[in-house]
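Asker: The numbering of the sequence shown is numbering that gives the first Met the number 0, which starts it at 0 and goes up by one. For reference, the structure I am asking about is given below.
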Amino acid sequence: MIVQNACHAHQSRKGVVTILVIWAIAIASIVVAATQVLAFREATIGRESISRVQARWAARAGVETMIAIMEWHKANPDPDDALALARDLESNALGSVETGTWDIRHFIDGQEWAGPLDENSKLNINVATRMQLLELPNITQDVVDSIIDWRDADDQPLQLGAEADYYRNRGQGYEPRNGNFRSIAELELVAGAWSQYVRGEDWNLNGRLEPNENDGKRTMPDDNANQKLDAGWSQYLTASTRPITVSATGEPRLDLRKATTQEIMSRTGVDSIQAATLVSYAKSSRANMSQILGTPLSQILTSSTPSNATGAGANRTGRSSAGRAPATATPKAAANAIKNLDPKQLRLVLNECSLVNTQTSQANAGKVNLNTASRGLLRDILQLDTRFADSILSRRISKPEGIVSLADIVDLPGATQEQLLILGQVADVTSSVYMISSRGRADTSGAETEIVVLVDCSESPVRILEYREP
Numbered sequence: 000m001i002v003q004n005a006c007h008a009h010q011s012r013k014g015v016v017t018i019l020v021i022w023a024i025a026i027a028s029i030v031v032a033a034t035q036v037l038a039f040r041e042a043t044i045g046r047e048s049i050s051r052v053q054a055r056w057a058a059r060a061g062v063e064t065m066i067a068i069m070e071w072h073k074a075n076p077d078p079d080d081a082l083a084l085a086r087d088l089e090s091n092a093l094g095s096v097e098t099g100t101w102d103i104r105h106f107i108d109g110q111e112w113a114g115p116l117d118e119n120s121k122l123n124i125n126v127a128t129r130m131q132l133l134e135l136p137n138i139t140q141d142v143v144d145s146i147i148d149w150r151d152a153d154d155q156p157l158q159l160g161a162e163a164d165y166y167r168n169r170g171q172g173y174e175p176r177n178g179n180f181r182s183i184a185e186l187e188l189v190a191g192a193w194s195q196y197v198r199g200e201d202w203n204l205n206g207r208l209e210p211n212e213n214d215g216k217r218t219m220p221d222d223n224a225n226q227k228l229d230a231g232w233s234q235y236l237t238a239s240t241r242p243i244t245v246s247a248t249g250e251p252r253l254d255l256r257k258a259t260t261q262e263i264m265s266r267t268g269v270d271s272i273q274a275a276t277l278v279s280y281a282k283s284s285r286a287n288m289s290q291i292l293g294t295p296l297s298q299i300l301t302s303s304t305p306s307n308a309t310g311a312g313a314n315r316t317g318r319s320s321a322g323r324a325p326a327t328a329t330p331k332a333a334a335n336a337i338k339n340l341d342p343k344q345l346r347l348v349l350n351e352c353s354l355v356n357t358q359t360s361q362a363n364a365g366k367v368n369l370n371t372a373s374r375g376l377l378r379d380i381l382q383l384d385t386r387f388a389d390s391i392l393s394r395r396i397s398k399p400e401g402i403v404s405l406a407d408i409v410d411l412p413g414a415t416q417e418q419l420l421i422l423g424q425v426a427d428v429t430s431s432v433y434m435i436s437s438r439g440r441a442d443t444s445g446a447e448t449e450i451v452v453l454v455d456c457s458e459s460p461v462r463i464l465e466y467r468e469p
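Below is the structure:
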């Protein structure tokens with residue numbers, strides 16, 4: 000009996016041990032499984048982090064490639080090829096590093112292009128006139144007045160505008176800058192300038208079409224899902240462009256107000272009488288380069304406004320006017336026998352010289368590049384004649400080197416003095432500011448990261464004006 004009880008107790012202890020072992024194995028299994036899950040998740044997160052880093056640096060490599068190309072062209076300018084930089088930027092818009100690739104592109108005029116977006120393809124909002132602003136889609140007079148009130152120096156509102164009192168009374172928490180706009184996003188602070196008008200479908204203001212900008216009304220913003228980017232007012236306006244103080248040859252532009260006749264003769268190939276005429280004209284408070292573009296040199300001292308012209312064709316350019324009706328000249332002009340600028344001289348004067356009034360807003364604003372401006376900007380916003388605008392587009396397409404000087408457009412159909420004066424005030428043939436939207440992609444996982452950089456290449460080294468990682 001005693002032996003039987005001992006055996007039974009021994010078997011009971013074995014059963015308890017078995018249960019404990021099973022529990023221990025189960026708990027250990029759970030711990031191991033949990034550790035594996037946690038390790039897997041951490042490994043996944045680590046791989047994703049590595050992929051994002053790889054994608055980010057691939058995107059950054061694209062940005063640095065664009066900047067390096069700009070630096071090279073700054074050091075090695077080609078005055079006879081206005082599109083050399085644009086071609087190099089476009090040909091390097093796609094590239095790769097060891098762990099990823101980059102893709103740089105933009106939309107303009109409803110079409111996608113490789114390379115960074117030329118901000119000089121737009122009109123600087125700080126110099127846009129009332130009539131030009133009124134040509135923007137979905138804009139009204141009160142918004143135009145409010146835009147002008149925002150940038151002007153006084154506190155007196157225009158008829159339908161808004162100054163500091165308006166914003167204070169509505170508790171906006173800010174007041175008008177009473178100075179130049181610093182970014183196109185700042186335009187949204189103006190009374191009546193809603194985001195859907197300023198940005199259109201380009202909700203992140205990067206100049207390229209994103210999936211959420213091409214899906215109808217599924218996600219913000221509302222768009223028409225037509226594979227094209229309608230960027231609202233931002234496709235026509237910029238606040239980022241800067242004046243270009245260096246000529247196409249890489250030398251500082253010659254200020255006609257300060258230059259001597261000898262300096263002008265040396266840089267532009269004009270004779271002493273022509274140089275003296277330019278110096279005399281530059282002393283006028285109303286002197287500007289658009290008059291030199293649109294008025295024959297022999298008449299420039301007497302023709303300071305378009306209304307002085309006796310005909311669109313008669314006073315069309317600063318070039319030789321052979322074959323035209325003789326214009327009335329001043330005794331001084333007649334005595335000195337002022338010759339009109341020939342095409343080469345006009346090209347050099349426009350490219351190598353400047354007449355910037357430092358007291359105006361134009362002193363800090365860049366001009367529209369005719370080699371990259373859209374058809375909509377030329378026709379609708381700048382209000383150029385349709386024939387003239389189309390001729391400009393045809394000319395730049397037909398010439399591999401593009402339009403190398405404003406002098407190249409004076410013989411185009413529709414190039415009246417009035418049209419040339421409009422363009423001479425706001426247009427040029429070079430660019431200074433680019434928006435680089437570089438999208439990096441990791442080779443391992445396909446993860447993508449975008450870097451948006453605004454750069455100013457008007458000086459060396461290239462300056463980064465804005466850096467974003469959306």
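No residue lacks a Cβ here, since even glycine has one placed at the ideal position from N, Cα and C.
For Gln-424, which of Thr-139, Gly-293, Gln-195, Ser-297 has the nearest alpha-carbon?
Answerer: Gly-293
Asker: Within 10 angstroms of its Cβ, does Thr-267 collect 16 or more other Cβ (buried), or is it exposed?
Answerer: buried
Asker: Once you ignore the five residues that flank Gly-312 on each side, which residues in its own chain have a CB closer than 6 Å to its CB?
Answerer: Bear in mind that the predicted position of Gly-312 carries a pLDDT of just 38, short of 50, making it unreliable; the figure below should be weighed with that in mind. Answer for Gly-312: no residue qualifies.
Asker: Check for me: the beta strand (DSSP E) holding Ile-450 runs from which residue to which?
Answerer: 447-455
Asker: Ordered along the chain, which non-local residues of its own chain (more than five positions away) have a Cβ less than 6 Å from that of Leu-464?
Answerer: Leu-453, Asp-455
Asker: Where Leu-236 and Asn-123 are concerned, what is the direct C-alpha to C-alpha distance, given to the nearest angstrom?
Answerer: The alpha-carbon of Leu-236 is positioned some 6 Å away from that of Asn-123.
Asker: Just mark Phe-518 as buried or exposed, buried being the case when its beta carbon has 16 or more other beta carbons within 10 Å.
Answerer: Residue numbering for the chain in the displayed model covers 0 to 469; residue 518 lies beyond these limits and cannot be assessed.
Asker: Report the rounded CA-to-CA distance for Ile-183 versus Ile-291, giving the unit in angstroms.
Answerer: Between Ile-183 and Ile-291, the C-alpha separation is close to 32 Å.
Asker: Any idea what DSSP makes of Phe-39, helix, strand or coil?
Answerer: helix
Asker: So Glu-89 and Ala-113 are supposed to be a Cβ contact under 8 Å. How far apart are they, rounded?
Answerer: 5 Å
Asker: Can you give me the C-alpha to C-alpha distance between Asp-102 and Asp-379, rounded to a whole angstrom?
Answerer: 31 Å
Asker: Determine contact between the region 92-102 and the region 45-64, defined as no fewer than three beta-carbon pairs at a distance below 8 Å.
Answerer: yes
Asker: Is the beta carbon of Pro-469 sitting closer than 8 Å to the one on Ala-247?
Answerer: no
Asker: Would you call the region 337-352 in contact with the region 391-407, where contact means no fewer than 3 C-beta pairs closer than 8 Å?
Answerer: yes
Asker: Pick from Glu-447, Gly-191, Gly-45: whose alpha carbon is nearest that of Asn-137?
Answerer: Gly-191
Asker: Just checking my contact of Leu-204 with Ala-281 at CB under 8 Å: how many whole Å lie between their CB atoms?
Answerer: Taking a contact as a CB-CB distance under 8 Å, the pair Leu-204 and Ala-281 does not count as one, their CB atoms being some 39 Å apart.
Asker: If we require 3 or more residues per run, which beta strand (DSSP E) segments fall completely within the region 116-141?
Answerer: For the region 116-141, not a single whole beta strand (DSSP E) run of length 3 or above is found.
Asker: Check whether the Cβ atoms of Leu-422 and Gln-131 sit closer than 8 Å, and answer yes or no.
Answerer: no
Asker: Here's the rule: buried if 16 or more other CB atoms are within 10 angstroms of the residue's CB, otherwise exposed. What is Glu-458?
Answerer: exposed
Asker: Would you mind giving the Cβ-Cβ distance between Ala-414 and Phe-387, rounded to the nearest angstrom? I have them listed as a contact below 8 Å.
Answerer: 6 Å
Asker: Which two residues bound the contiguous beta strand (DSSP E) that contains Ala-113?
Answerer: 110-113
Asker: With respect to the beta strand (DSSP E) encompassing Asp-102, which residues constitute its N-terminal and C-terminal limits?
Answerer: 99-107
Asker: Which value, in whole angstroms, describes the spacing of the CA atoms of Asp-254 and Cys-352?
Answerer: 6 Å
Asker: Taking 8 Å as the cut-off, decide whether the C-beta atoms of Val-197 and Trp-149 are in contact.
Answerer: no
Asker: For a test of the three-state rule: what should DSSP assign to Asp-80, helix, strand or coil?
Answerer: coil
Asker: From the DSSP output, in three-state form, read off Tyr-166 for me.
Answerer: helix
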